[in-house]
Amino acid sequence: MPFMKSLPDTANVREIFGLKPELRRAHGEMGRIIMRGDSELTPAERETIAAYVSRINRCDYCYGGHSELAKSLGANSSIFENMFDDVDAVPVSEKLKPILQFANVLTLQPGKVSQAHADAVYAAGWSEKALHDAILVICRFNFMNRLTLGHGLDPAPENFEKRAASMAYSTGPQGKE
Amino acid sequence: MAQRPEIYRHWHQVGEGIMRGDSPFTPGERELIAGYVSGLNACAYCHGAHTAVAVAFGFPESLMPSLLDNIDEAPIDERMKPVLKFVRKLTLTPAQMTKADAEAIFTAGWEEIAVHDAVAVCCYFNFMNRLVFGHGIEFDPDPDKVRMLAERKKQLGYANRDDLPEDHPLVRKVRAGKEAISSSS
Numbered sequence: 007m008p009f010m011k012s013l014p015d016t017a018n019v020r021e022i023f024g025l026k027p028e029l030r031r032a033h034g035e036m037g038r039i040i041m042r043g044d045s046e047l048t049p050a051e052r053e054t055i056a057a058y059v060s061r062i063n064r065c066d067y068c069y070g071g072h073s074e075l076a077k078s079l080g081a082n083s084s085i086f087e088n089m090f091d092d093v094d095a096v097p098v099s100e101k102l103k104p105i106l107q108f109a110n111v112l113t114l115q116p117g118k119v120s121q122a123h124a125d126a127v128y129a130a131g132w133s134e135k136a137l138h139d140a141i142l143v144i145c146r147f148n149f150m151n152r153l154t155l156g157h158g159l160d161p162a163p164e165n166f167e168k169r170a171a172s173m174a175y176s177t178g179p180q181g182k183e
Numbered sequence: 562m563a564q565r566p567e568i569y570r571h572w573h574q575v576g577e578g579i580m581r582g583d584s585p586f587t588p589g590e591r592e593l594i595a596g597y598v599s600g601l602n603a604c605a606y607c608h609g610a611h612t613a614v615a616v617a618f619g620f621p622e623s624l625m626p627s628l629l630d631n632i633d634e635a636p637i638d639e640r641m642k643p644v645l646k647f648v649r650k651l652t653l654t655p656a657q658m659t660k661a662d663a664e665a666i667f668t669a670g671w672e673e674i675a676v677h678d679a680v681a682v683c684c685y686f687n688f689m690n691r692l693v694f695g696h697g698i699e700f701d702p703d704p705d706k707v708r709m710l711a712e713r714k715k716q717l718g719y720a721n722r723d724d725l726p727e728d729h730p731l732v733r734k735v736r737a738g739k740e741a742i743s744s745s746s
């Protein structure tokens with residue numbers, strides 16, 4: 007149940023941005039570039055990172071929508087069956103694992119990120135640019151998770167698929183988030 | 562940030578809106594929240610820089626350490642205490658937020674949008690702290706440099722003026738700020 011009377015019980019992220027419409031466009035456009043712009047990381051991989059960060063932050067709202075979105079983009083659906091915490095226990099590609107491990111540290115113990123975490127990402131075959139792209143996804147979802155949790159949005163699992171469809175970032179520069 | 566101008570052009574607009582746009586919180590109060598959140602995340606870079614901006618806006622230097630030590634005993638307006646407690650929880654244990662945390666802000670006399678605005682500052686710095694940590698950027702604690710940069714942030718804000726037309730209000734503000742800095746040094 008949202009913490010503010012000015013938000014309806016069923017409020018979503020779009021309604022949060024309705025409180026400050028002047029920010030919505032810039033924030034949405036940035037999301038489109040981070041999540042769908044040119045990158046070595048596929049959109050499905052970026053959505054998997056988004057879902058993972060949301061999972062370890064225990065943000066059911068973002069986890070629900072972005073795990074559905076990852077699946078719809080071709081990520082292995084069994085990754086998400088058990089709401090994964092342990093990267094080694096789920097069938098993500100070996101190549102993506104060091105990025106998810108980097109995401110775990112940067113999300114839960116941000117001051118503990120070290121060169122060794124970055125080197126593990128490079129050793130898996132990713133470039134520095136790919137790591138930068140992954141960091142932006144991790145940062146964005148540490149923002150979004152706190153935006154939805156801080157407003158008390160209802161995760162509303164019955165809406166996960168609908169929300170995933172509405173977040174497909176397919177609507178051009180306006181974004182739809 | 563210079564590596565990805567197409568992204569950060571938008572990000573600076575978000576920052577300017579959150580940190581300097583209309584809000585029941587003064588820009589100084591928002592910088593205090595920014596420095597506090599960054600301190601909780603132990604991000605020396607953002608903590609040092611934004612605490613200095615809060616000081617440039619008039620908060621005493623001794624305030625930040627006492628806030629990080631114990632909000633209840635810190636010498637700050639009582640109205641700010643539930644706000645800082647809210648962002649502390651949202652930074653460290655975000656999934657534990659409850660309506661009572663927001664109610665404490667309303668009880669202290671803030672209007673509804675204050676919750677949104679505090680959340681937005683908290684989100685922005687949970688992003689920035691991780692951007693800095695994720696890239697291994699280190700803080701230069703030279704006090705003269707910190708003060709100079711803080712004064713610049715106080716006057717110029719967050720916008721990336723390279724992407725705005727010459728007659729945009731922010732460009733005029735930036736130009737006025739630059740002139741003020743050069744005439745004072």
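Heads up: the protein sequence lines correspond to chains A and B, in order. Residues in the first sequence are numbered from 7 upward in steps of one, following this note's numbering. Residues in the second sequence are numbered from 562 upward in steps of one, following this note's numbering. Backbone N, C-alpha and C define an ideal beta-carbon position, used for all residues, glycine too.
How would you write the range of the alpha helix (DSSP H) that E74 of chain A sits in, first residue to last? If you look at E74 of chain A, you'll find it in the alpha helix (DSSP H) that goes D66 to S78.
Of the listed residues A:Q115, A:L47, A:A56 and A:Q107, nearest to G94 of chain A (C-alpha basis): Looking at the sequence provided, one finds Asp at residue 94 of chain A rather than Gly. Selected option, being the one with the closest Cα: A:Q107.
Of the residues that make up the segment 687-711 of chain B, which ones have a beta carbon closer than 9 Å to any beta carbon in chain A? N687, F688, M689, N690, R691, L692, V693, F694, G695, H696 and G697
For the alpha helix (DSSP H) that E87 of chain A lies in, which residues bound it at each end? Unbroken run through E87 of chain A: none, as it is neither H nor E.
Endpoints, the alpha helix (DSSP H) within which C683 of chain B is located: I674 to H696
Roughly how far, in whole angstroms, is the beta-carbon of P49 of chain A from the beta-carbon of M36 of chain A, given that I think they are within contact range, below 8 Å? With a Cβ gap of about 16 Å, P49 of chain A and M36 of chain A do not count as contacting.
Could you pull the start and end residues of the alpha helix (DSSP H) that S120 of chain A belongs to? Unbroken run through S120 of chain A: none, as it is neither H nor E.
Would you say Q107 of chain A reaches chain B, if we count a Cβ-Cβ gap shorter than 9 Å as a contact? no
With a Cβ-Cβ cutoff of 9 Å, do G70 of chain A and A162 of chain A count as a contact? Yes, these two residues count as a Cβ contact at 9 Å.
Can you list, in chain order, the residues of its chain whose CB lies under 6 Å from that of R169 of chain A, leaving out five sequence neighbours each side? So the qualifying residues of the chain are G71.
Would you list, in chain order, the members of the segment 108-119 of chain A that have their beta-carbon closer than 7 Å to a beta-carbon of chain B? L112, P116, G117 and V119
Going by DSSP in three states, T48 of chain A sits in which element: helix, strand or coil? For T48 of chain A, the secondary structure class from DSSP, reduced to helix, strand or coil, is coil.
On a Cα-Cα basis, can you pick out the residue from B:I666, B:G697, B:I674 and B:F688 that is closest to H123 of chain A? In terms of CA proximity to H123 of chain A, B:G697 leads the group B:I666, B:G697, B:I674 and B:F688.
So, does the CB of M36 of chain A fall closer than 9 Å to a CB anywhere in chain B? yes
For a cutoff of 9 Å on Cβ pairs, would you count R649 of chain B as touching chain D? You won't find chain D in this structure, because its protein chains are A and B.
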